[in-house]
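Just so we're aligned: 166 in the numbering used here is position 82 of the sequence shown, and the numbers increase by one with no gaps anywhere.
Backbone N, C-alpha and C define an ideal beta-carbon position, used for all residues, glycine too.
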Amino acid sequence: MAKITEKHGKIDEKKRKNAIADFVKGLSAEHKMLIVLKSQLYGGKWEPMYQDLKNRLEGKPYIFKLANRINDDIERIEQMRQFEQQYSASLADYVDSVE
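Right, here's the structure in full:
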């Protein structure tokens, strides 16, 4: 089994940071809005926001009224949640506001 060297770890961290920076650069204003809302209204977690949107679609009670494009927002959340898991990162650390 190959040893993980400190140098190798730094290379992986550099790739990780570059991947995050590239991903954030490609985010739309709608994506950034969801990240800001996640941070400010949902304690930095995707699941409560995701559940709010699903509940709204199903006519169940929900916490916060987002835009009328619920299905699009759900897809954005799924994409960003998957990215965060893959890179062990919180996009809220990289997006402060909607520009």
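(request) Can you have a look at glutamate 162 and say buried or exposed, based on whether 16 or more other CB atoms are within 10 angstroms of its CB? (result) exposed
(request) Could you give the DSSP three-state label for valine 179: helix, strand or coil? (result) coil
(message) Once the 5 residues before and after tyrosine 186 are set aside, which same chain residues still bring their CB inside 7 Å of it?
(response) With the chain covering only 85 through 183, there is no way to say anything about residue 186.
(request) Leaving aside the five residues before and after tyrosine 134 along the sequence, list all residues of the same chain whose C-beta is less than 6 Å from its C-beta, in chain order. (result) Ile161
(request) Rounded to whole angstroms, what's the CA-CA distance from glutamate 131 to lysine 138? Just pull it up for me. (result) 10 Å
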